[in-house]
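Asker: Here you go, one structure.
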Amino acid sequence: MASGFLLFVLYLAWSLYSTRMQLRAATDSRLLADSARRAAVVADFLTDQTKLATQIAGAHEVEDYLANAALGMSPRYGLNANIGFIEHAFQRFMARTTLRGEAYVRRIRFIDKNRVEVASAGVGANPAIDSIPGYVAAPRIDPQAWTIEVVAPVFFKDALVGAIATTADLKVLSRLLIEADDSEGGYHEFLLIGDGARALSATRASVNFDLVDRSLANIPADRPIPTVAGSPNGNRMLALRTPIERAPLSLMTLTSEATAYGAGSTPAYALYLAAFPAALFVMAIGFERQRRRAVQLENDVVEADRRRHELSRHNSSLSKEIALRKRLEEDLRRKTRALKETNAELRIAATTFESQEEMIVTDANHIILKINKTFGEMSGYQAEELVGRSIAILHAEQDDADPSEQQAAAIEASGRWQGEIQLRTKEGEIVERWLALSAVQDETGAPSHYVRTYYDLSDQKAAEAKIRTLAFYDQLTGLPNRASLIESARQAMANCRTTQTYGALLFIDLDHFKRLNDTLGHHKGDLLLKHSAARLQKCIGKRDTVSRFGGDEFVVLLADLQASEAEGAALHAETVAESIIASIAEPQDLDGHTYRCTASIGVALFCDERQSMEDLLKWADMAMYEAKTAGRNDVRFFDPAMQMLIESRAKIEAELREDIAQKNFQLHYQAQVDHEGRLVGAEALVRWPRPVAKPPSPGEFIPIAESSGLIVALGNGVLETACVQLAEWARDPALANLTVAVNVSGVQLHQPTFVDRVKSIVEQTGADPRRLKLEVTESFEIAKIDEVIAKMTALRDIGIRFSLDDFGTGYSSLSYLKRLPLDQLKIDQSFVRDITTDPNDAAIAETIIALGEILGLSVIAEGVETEEQRAFLAARGCRVYQGYLFARPMSSKQFVQFAKLFARPGVPPEGLDRQAHSA
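Quick note: to get my numbering, add 547 to the position in the sequence shown (first position is 1).
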């Protein structure tokens, strides 16, 4: 019995010990579950802050601001309104973001990618943002300012353009904690911040920050630990630290062991029951109560675990649903933005397509898909008449359905081609257009469509025709002028060389024409010139040319005399000349007044291209003066005695070659003045000092240098001397801003090493290329226009500018003029000389000035010798002048003195010229 009783007592003691241990385990599980649940609540709250920042970053007010800023909207008129809308939206977010009725968001800011604030709402300090991440970072806890800071990136068209920064009150987290009374030293709950130096308790809890011991931050996480830290009376406490996910926070739970495990004895006390059998009945009753309590606690723990697992599953499903919804919302926003951009592009494309230019869209096989209204009005076709048909129906040549090899190569290389074409309208009319052809590529890079834009060339062609008429035809008689005759003569010379036959040049002067003007007036003189021009045209063949050189002088070009011997050619030319004299000598009716006129004619024969046009004209002119000397109304041929001039020319060429090698040349400079009377530059003019009474003028030796090939060496020497002078002037404040213009021969420009030679001279001399201007004469022949353009462009890239000299005397077309990279047009002095008295010269000058304005080129006039000429040019828009009115060409030393005197106020240019020359 005693043994059984002892065993019974031991069994009861063991049962009590086991029950107490189960009670402790159940209590620990409950504390862990409750703490984890509240920690999840705090973590969810912090996650909501990142969602709030992300939601604000995607607000439509922010998108509207970024779209308007990308379109270049002025901050003064449009963007300030968008910023106001953004700040109003921030205030709405702050007002409706509450926890248990309390708004906790202190401040919302919108910063750009340079971390410059664009808009903000709320109060408080602005936390520093070192960089803008491309993702939403975890919330940042600032224990000093008691704030929760979140930064969310802002994207526009998939590019990072800024960020949204929110600042929330950290103390709002106290609303998520359990408010407990610790008067008994019982249950306490608070948040540890960082290393434990700061803590946050429930709003009405008596726990204060002095309760926090930093050692609590170092206890193991998620395990109840007995401790005396934080106890107001030194009793043993249970401490449980639960970290908050993605935040430097820990949920701290403190409770006394007595409260947690009950006030009963520890499990060790049960062993003493063996020594106290008398307390068996009491212990039995206690055991039963503890057993029931343990069972209840075990059931509670099981239920808590079940609910925790169920909550975890629910939270997992909710998180997945939130993530899916977030992805769907982001995809929807991206598609919405793409749709808006596509709609905007479509509106722009539709507006562009219906512009004033004529446009056609075709497929890859050049089948018409669409035409705009402008093209339909031009062609006379309705859209349904062309859609589905080949573009070839519109071409003037029906077999030109596909792009040429040149077009195809350009489209393959760059996706576009442009050039001049001819179109056939519905009525069969041929119209000229400038075509800009662009290819639309598919995802593989192959052309899927072609967009053709046609530009009307009518105005350009009309202007070109007007310029050609003014430049190549005499306005009074309608006959070709000097430039046109030179071109015809070149062709005739080439043809004579091929056929081994002779041609002739007849220089005709009307006798006593000045007497007619003085007695009967210029009106009668003009009628005589018109009638004489008509009679001259009747005396020549279809292949021959009659040209008026000016005044009462005419030149007839007999292109082919159909004779291989000089004598036969002379007889034929004499026959034509005699018929001209006879025709001119017949009475002429000058508006009711009968007038008889005679003519003197000089003839020069040619059979190849060895004679220059200038030589032929000179010979024929000399022969004509011989006819006048012989009594007028006669014909004279070029006398072999005139060969002395040719020999003189050969002598000049030899001396020129020698002096070019020895650099026996000088540069003189003629001032260029603007409309405000300021000295803006100078033209470098070459002079050839010879030990003779009258040294050769540039008009005499420059043509010889060009025809002999010496112009290249001479031109390089002139350019080098001018650049040395330009570099020297750059050191003088009075001359540093002047430009120097240097004439460049067409022979030089066609040299393969021209660009390298110019660059080398500029680099070696130290001249500023921006102060150097190269003048190209319009009359030189451009054989390879693309090569010339490339050379001029290469020099313009380093700052050198180009001027077209003697404009209006040559034969370059508007298409050349439009393509050449020019900066300035120079009106030839032949038009300026009689600009105030000759309507033809005035009309040509006005047209050149207007053409310069259209093409964006400056205009300078040379040969300005009177104030009337300058005033006439200034009234028409010419702003820069050169001529004897301002200064004659002078040496470099004289020009320096002239420039310094020019800067003095109150001294007229004429006086400056005299002072510089006298010095």
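Note that beta-carbon positions come from the ideal geometry of N, C-alpha and C, so glycine has one too.
Applying the 10 Å Cβ sphere with the 16-neighbour rule, what's the burial state of residue 916?
Answerer: Indexing the sequence shown from 1 puts residue 916 at position 369. The residue in question, residue 916, is exposed, as its Cβ has fewer than 16 Cβ neighbours within 10 Å.
Asker: I'd like the ranges of any beta strand (DSSP E) spanning at least 3 consecutive residues and lying wholly in the region 1333-1403.
Answerer: Listed in chain order, they are 1348-1354 and 1371-1374.
Asker: Looking only at C-alpha atoms, which of 619, 723, 1282 and 1182 sits nearest to residue 1225?
Answerer: In the sequence shown, the residue the question calls residue 1225 occupies position 678. Minimum Cα distance to residue 1225 is reached at 1282.
Asker: Taking the alpha-carbon of residue 842 as reference, which of 1053, 795, 574 and 1277 has the nearest alpha-carbon?
Answerer: Against the sequence shown, residue 842 aligns to sequence position 295. It is 574.
Asker: Output the distance between the C-alpha atoms of residue 869 and residue 602, rounded to the nearest integer angstrom.
Answerer: Along the sequence shown, one-based indexing puts residue 869 at 322. Along the sequence shown, one-based indexing puts residue 602 at 55. The straight-line gap from Cα to Cα measures roughly 13 angstroms.
Asker: Can you check whether the CB of residue 701 is closer than 8 angstroms to the CB of residue 712?
Answerer: For the purposes of this step, residue 712 is taken as the residue at position 165 of the sequence shown. For the purposes of this step, residue 701 is taken as the residue at position 154 of the sequence shown. No, Cβ-Cβ distance for residue 712 and residue 701 is not below 8 angstroms.
Asker: Measure the alpha-carbon distance for residue 999 versus residue 985 and round it to whole angstroms.
Answerer: Numbered from its first residue, the sequence shown carries residue 999 at position 452. Numbered from its first residue, the sequence shown carries residue 985 at position 438. If you take the alpha carbons of residue 999 and residue 985, they lie about 7 angstroms apart.
Asker: Cα-Cα, which of 1114, 1384 and 1294 is closest to residue 1069?
Answerer: In the sequence shown, residue 1069 corresponds to position 522, counting from 1. Answer by Cα proximity: 1384.
Asker: What would DSSP say about residue 1180, mapped onto helix, strand or coil?
Answerer: Residue mapping note: residue 1180 aligns to position 633 of the sequence shown, counting from 1. Here residue 1180 sits in coil by DSSP.
Asker: Does the region 1204-1219 come within contact of the region 1146-1162, defined as at least 3 CB pairs closer than 8 angstroms?
Answerer: Short answer: they don't touch.
Asker: Quick check on residue 728: does DSSP put it in helix, strand or coil?
Answerer: Residue mapping note: residue 728 aligns to position 181 of the sequence shown, counting from 1. Unreliable positioning characterises residue 728 in this predicted model, as indicated by a pLDDT of 47, which lies under 50. A coordinate reading is not provided.
Asker: Expressed to the nearest angstrom, what Euclidean distance is found between the alpha-carbon atoms of residue 874 and residue 964?
Answerer: What you label residue 874 is simply residue 327 of the sequence shown in a count that begins at 1. What you label residue 964 is simply residue 417 of the sequence shown in a count that begins at 1. The alpha-carbon atoms of residue 874 and residue 964 are separated by roughly 45 angstroms.
Asker: Could you pull the start and end residues of the alpha helix (DSSP H) that residue 637 belongs to?
Answerer: The sequence position of residue 637 within the sequence shown is 90, counting from 1. Start and end: 627-643.
Asker: Are there 16 or more other CB atoms within 10 angstroms of the CB of residue 976, so buried, or fewer, so exposed?
Answerer: Taking the first residue of the sequence shown as position 1, residue 976 is located at position 429. Under this definition residue 976 is an exposed residue.
Asker: Could you spell out the range, first to last residue, of the beta strand (DSSP E) harbouring residue 667?
Answerer: In the sequence shown, counting from the first residue as 1, residue 667 sits at position 120. From DSSP, the beta strand (DSSP E) with residue 667 extends over 664-669.
Asker: Which first and last residues belong to the beta strand (DSSP E) in which residue 1056 is found?
Answerer: In the sequence shown, residue 1056 corresponds to position 509, counting from 1. Per DSSP, residue 1056 belongs to the beta strand (DSSP E) from 1050-1057.
Asker: Have a look at the DSSP bridge pairing and note the partners of residue 788.
Answerer: In the sequence shown, residue 788 corresponds to position 241, counting from 1. In the DSSP output, where bridge partners are listed per residue, residue 788 has 768 and 799.
Asker: Pull up the CB-CB distance for residue 1137 and residue 1075, whole angstroms please, since I reckon it's below 8 angstroms.
Answerer: In the sequence shown, residue 1137 corresponds to position 590, counting from 1. In the sequence shown, residue 1075 corresponds to position 528, counting from 1. With a Cβ gap of about 6 angstroms, residue 1137 and residue 1075 count as contacting.
Asker: Mind checking which residues open and close the beta strand (DSSP E) that includes residue 1150?
Answerer: Translated into the one-based positions of the sequence shown, residue 1150 becomes position 603. Unbroken beta strand (DSSP E) run through residue 1150: 1146-1153.
Asker: Give me the Cα-Cα distance between residue 927 and residue 983, rounded to the nearest whole angstrom.
Answerer: Walking along the sequence shown from the start, residue 927 turns up at place 380. Walking along the sequence shown from the start, residue 983 turns up at place 436. If you take the alpha carbons of residue 927 and residue 983, they lie about 21 angstroms apart.
Asker: Where do the ends of the alpha helix (DSSP H) carrying residue 1302 lie?
Answerer: Residue mapping note: residue 1302 aligns to position 755 of the sequence shown, counting from 1. Segment 1301-1312, the alpha helix (DSSP H) holding residue 1302.
Asker: So what does DSSP say about residue 1072, is it helix, strand or coil?
Answerer: Locating residue 1072 in the sequence shown gives position 525, counting from the first residue. DSSP places residue 1072 in helix when its eight states are reduced to three.
Asker: I need the DSSP call for residue 985, collapsed to helix, strand or coil.
Answerer: Locating residue 985 in the sequence shown gives position 438, where the first residue counts as 1. In this structure, residue 985 counts as strand in the three-state DSSP scheme.
Asker: Tell me whether the beta-carbon of residue 1323 lies closer than 8 angstroms to the beta-carbon of residue 1354.
Answerer: For the purposes of this step, residue 1323 is taken as the residue at position 776 of the sequence shown. For the purposes of this step, residue 1354 is taken as the residue at position 807 of the sequence shown. Not a contact, by the Cβ cut-off of 8 angstroms.
Asker: If you follow the alpha helix (DSSP H) that residue 1231 is part of, which residue opens it and which one closes it?
Answerer: Taking the first residue of the sequence shown as position 1, residue 1231 is located at position 684. Unbroken run through residue 1231 is the beta strand (DSSP E), 1226-1234; no alpha helix (DSSP H).
Asker: Starting from the C-beta of residue 1272, find all residues in its chain whose C-beta is less than 6 angstroms away, skip the five residues before and the five after it, and write them out in chain order.
Answerer: Start at 1 with the first residue of the sequence shown, and residue 1272 comes out as number 725. The answer, listed in chain order, is 1439.
Asker: Give the range of the beta strand (DSSP E) segment to which residue 1290 is assigned.
Answerer: Residue mapping note: residue 1290 aligns to position 743 of the sequence shown, counting from 1. Run containing residue 1290: 1286-1291, per the beta strand (DSSP E) assignment.
Asker: For residue 1058 and residue 1378, I'd like the C-alpha separation in whole angstroms.
Answerer: Translated into the one-based positions of the sequence shown, residue 1058 becomes position 511. Translated into the one-based positions of the sequence shown, residue 1378 becomes position 831. Residue 1058 and residue 1378: Cα-Cα distance of roughly 25 angstroms.
Asker: Could you pull out every residue in the same chain whose Cβ sits closer than 8 angstroms to the Cβ of residue 1263, ignoring the five residues on either side in sequence?
Answerer: Stepping through the sequence shown from its first residue, residue 1263 is reached at position 716. Cβ within range, chain order: 1295, 1304 and 1308.
Asker: For residue 1415, which residues in the same chain have their Cβ closer than 8 angstroms to its Cβ, ignoring the five residues on either side in sequence?
Answerer: Within the sequence shown, numbered from 1, the residue matching residue 1415 stands at position 868. Same-chain partners within the cutoff: 1383.
Asker: Leaving out five residues before and five after residue 569 in sequence, what residues of the same chain have Cβ atoms less than 6 angstroms from its Cβ?
Answerer: Against the sequence shown, residue 569 aligns to sequence position 22. Contacts found: 841.
Asker: Starting from residue 611, trace the alpha helix (DSSP H) both ways and give me its first and last residue.
Answerer: By one-based count along the sequence shown, residue 611 stands at place 64. Note, residue 611: alpha helix (DSSP H), 607-617.
Asker: Counting along the chain, where does the beta strand (DSSP E) carrying residue 964 start and finish?
Answerer: Within the sequence shown, the letter at position 417 stands for residue 964. Segment 963-971, the beta strand (DSSP E) holding residue 964.
Asker: Does residue 1217 come out as helix, strand or coil in the three-state DSSP assignment?
Answerer: Here residue 1217 is taken as the residue at index 670 of the sequence shown, counted from 1. If DSSP states are grouped into helix, strand and coil, residue 1217 belongs with the strands.
Asker: To the nearest angstrom, how far is it from the Cα of residue 1433 to the Cα of residue 1220?
Answerer: Here residue 1433 refers to the residue found at position 886 when the sequence shown is read from its first residue. Here residue 1220 refers to the residue found at position 673 when the sequence shown is read from its first residue. Their backbone Cα atoms lie some 8 angstroms apart in a straight line.
Asker: Rounded to whole angstroms, what is the Cα-Cα separation between residue 800 and residue 684?
Answerer: Reading the sequence shown from its first residue, position 253 is the one you call residue 800. Reading the sequence shown from its first residue, position 137 is the one you call residue 684. Their Cα atoms are separated by approximately 28 angstroms.
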